[in-house]
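Visitor: Using the UniProt record's numbering, you'd call the opening residue of the sequence shown number 1 and step up by one each time.
All C-beta atoms, glycine included, are put in the ideal place defined by N, C-alpha and C.
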Amino acid sequence: MYGFARSVWSEPRPPDAPVRVWRDWALVGMLVPLAVLEGVLRPDLPWRLFEVAVTVGLAPTLLWRRTRPLAMLGICFVATGVIPILVTGTTLDMYTLVYMLVLPYALFRWGSGREIVTGLGIMLAAAGLSVLVKHAALSDVVGPFAVMLATTSLGGVFRYRAGARMRELDQVKLMMREQLARDLHDTVAHHVSAMAIRAQAGLATAASRPDAATEALRVIEAEAGRALDEMRGIVRVLRRDRPAELTPGRRIAELERLASRGGSHHPAVEVEISGDLDGLSPSVESAVYRIAQEAVTNAVRHARRATRVEVRVAADETAVRLCVRDDGGGGSARPAASPGYGIIGMSERANLLGGTCVAGPDGDRGWTVTAVLPRTGVAS
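#1: When you compare the CB positions of residue 407 and PRO60, do they come within less than 9 Å of one another, or not?
#2: Three-state secondary structure (DSSP) at ARG6?
#3: Taking the alpha carbon of GLY57 as the point to measure from, which residue in VAL288, TRP22, LEU97, ASP44 has its own alpha carbon closest?
#4: Can you tell me whether MET166 is buried or exposed, with buried defined as 16 or more other CB within 10 angstroms of its CB?
#5: Give me, in chain order, the residues of the same chain whose beta-carbon lies closer than 7 Å to that of LEU86; leave out the 5 immediate sequence neighbours on both sides.
#6: How close, in whole Å, do the beta carbons of VAL309 and VAL369 come, if the pair is a contact with beta carbons under 8 Å?
#7: How many angstroms separate the CA atom of THR151 from the CA atom of ARG109?
#8: Kindly list the residues whose CB is nearer than 8 Å to the CB of ARG75, restricted to its own chain and excluding five residues on each side of it in sequence; keep chain order.
#9: At a cut-off of 8 Å, is THR370 close to the ligand NAD when judged by its beta-carbon and the heavy atoms of the ligand?
#10: Excluding five sequence neighbours on each side, which residues of the same chain lie with their C-beta closer than 6 Å to the C-beta of VAL141?
#11: How long is the line joining the alpha carbons of ARG242 and ASP16, rounded to whole angstroms?
#12: Rounding to the nearest angstrom, what Cα-Cα distance links ALA127 and GLY29 in this structure?
#13: When you compare only the Cα positions, how much space is there between PRO335 and ASP362?
#14: Out of THR55, VAL54, LEU103, state which residue places its alpha-carbon closest to the alpha-carbon of LEU73.
#15: Should MET12 be labelled buried (16 or more other beta-carbon atoms within 10 Å of its own) or exposed?
#16: Return the Cβ separation of VAL320 and LEU352 in integer angstroms, given the expectation that the two are a contact with Cβ distance under 8 Å.
#17: Should VAL300 go down as buried or exposed, given a rule of 16 or more other Cβ atoms within 10 Å for buried?
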């Protein structure tokens, strides 16, 4: 029990809490006229001007509910519980104050363990004081406490879900790092082996054929440059700490394996490759293959009533362009991302290599994935 209490008390705040978004300003802007309107339409309020002023004055606390949840909750509960009792002898009775339920939710969603425990004590003290002042019966107390419990529980549920997703992303990143470590070894081994062979050939022919030795040095220089580019790309993934994937080994020519005639339950896949593919960076070839593979997989799984999937790859002097298009129905209604990290991974691959990848509906029918990657695979 002590260990559980200590872990709750030591729980840090969730990372990357949003500061403010336009919805926060819209909410505050809507609450102010609502509070004023309630004050005008409810002549039964004994301290009408005071209650409207407090309700309007506390509305801006919602703007800081994520970054300072405990402070905002403390201000609101003191201003609506303790101060009104000292001034008027009773608590506030404004319906508009229902917006304060957002503050316990924000505390349990974005606060640290210390803040949650402290805020829970403040809420219980304020609720108990209100019950004593109003001399409320037990049946009148159960409802507000149930609403408060539901609000805080909702904040805890969303906090847990966000934490579970973060742990899942961390697991994906760990797996990617292990794979990237193997890729780094393979890349270095491949290029260093090529340089060693060329160096041996240059040494063997240096005396009889100086031109051949010079050519060997040029090849060694080119191989070294490509090796550095590959290593920079892989290290860039590790530094960014993002769930991207860079897996050298696949080549664009292997896209022909994705072609199929189709059948009653899956569409036909047509592959067309054009342009000059010689001299492409291995990471670019791998990225094009993986993006196309993921796009075809998504089309086969999610494109309703699709009969054909077209895969088009065209290479020119500066870039490689990929387009994967299906003719499935209801393109605009199809989700922007399938479960998992497929589309995220495609975008990460392209961005890593200095390119772009866009996925979206193609008019009223079908879905299109387009990617453009530089031939060298080096981000600017």
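Guide: So, from the listed chains and residues:
#1: Absent from the model: residue 407. The displayed extent of the chain is 1 to 380, so no value can be given.
#2: As a first step, residue 6 must be located in the sequence shown, where it is residue number 6. In this structure, ARG6 counts as helix in the three-state DSSP scheme.
#3: Your numbering for residue 57 matches position 57 in the sequence shown. Checked all of VAL288, TRP22, LEU97, ASP44; the closest Cα to GLY57 is LEU97.
#4: By one-based count along the sequence shown, residue 166 stands at place 166. By the neighbour-count rule (16 or more Cβ atoms within 10 Å), MET166 is not buried but exposed.
#5: For this step, residue 86 is matched to residue 86 along the sequence shown. Within the same chain, LEU86 has no close Cβ partners at all.
#6: Here residue 309 is taken as the residue at index 309 of the sequence shown, counted from 1. Here residue 369 is taken as the residue at index 369 of the sequence shown, counted from 1. The C-beta separation of VAL309 from VAL369 comes to about 10 Å, leaving the pair out of contact by the 8 Å criterion.
#7: The sequence position of residue 151 within the sequence shown is 151, counting from 1. The sequence position of residue 109 within the sequence shown is 109, counting from 1. Roughly 10 Å between the two C-alpha positions.
#8: For the purposes of this step, residue 75 is identified with residue 75 of the sequence shown, where counting begins at 1. Checking the sequence shown, residue 75 turns out to be Ile, not Arg. Same-chain partners within the cutoff: LEU58, THR61.
#9: This structure lacks the ligand NAD; in fact it carries no ligand of any kind.
#10: On the sequence shown, residue 141 is found 141 positions in, with the first residue counted as 1. In chain order, VAL131 place their CB closer than 6 Å to the CB of VAL141, counting only its own chain and leaving out the 5 sequence neighbours on each side.
#11: On the sequence shown, residue 242 is found 242 positions in, with the first residue counted as 1. On the sequence shown, residue 16 is found 16 positions in, with the first residue counted as 1. Because ARG242 carries a pLDDT of 45, less than 50, the predicted location of this residue cannot be relied on, and no value is offered for it.
#12: Counted from its first residue, the sequence shown places residue 127 at position 127. Counted from its first residue, the sequence shown places residue 29 at position 29. Their Cα atoms are separated by approximately 28 Å.
#13: Within the sequence shown, residue 335 is the residue found at index 335, counting from 1. Within the sequence shown, residue 362 is the residue found at index 362, counting from 1. Any reading at PRO335 is ruled out, since the residue's pLDDT is 48, under 50, leaving its predicted position unreliable.
#14: Along the sequence shown, read from residue 1 onward, the residue named residue 73 stands at position 73. Cα-wise, what sits closest to LEU73 is LEU103.
#15: Reading the sequence shown from its first residue, position 12 is the one you call residue 12. In the sequence under discussion, the amino acid at residue 12 is Pro, which differs from the Met named in the question. By the neighbour-count rule (16 or more Cβ atoms within 10 Å), PRO12 is not buried but exposed.
#16: Counted from its first residue, the sequence shown places residue 320 at position 320. Counted from its first residue, the sequence shown places residue 352 at position 352. Cβ atoms of VAL320 and LEU352 stay farther apart than 8 Å, at about 14 Å.
#17: The sequence position of residue 300 within the sequence shown is 300, counting from 1. VAL300 comes out buried.
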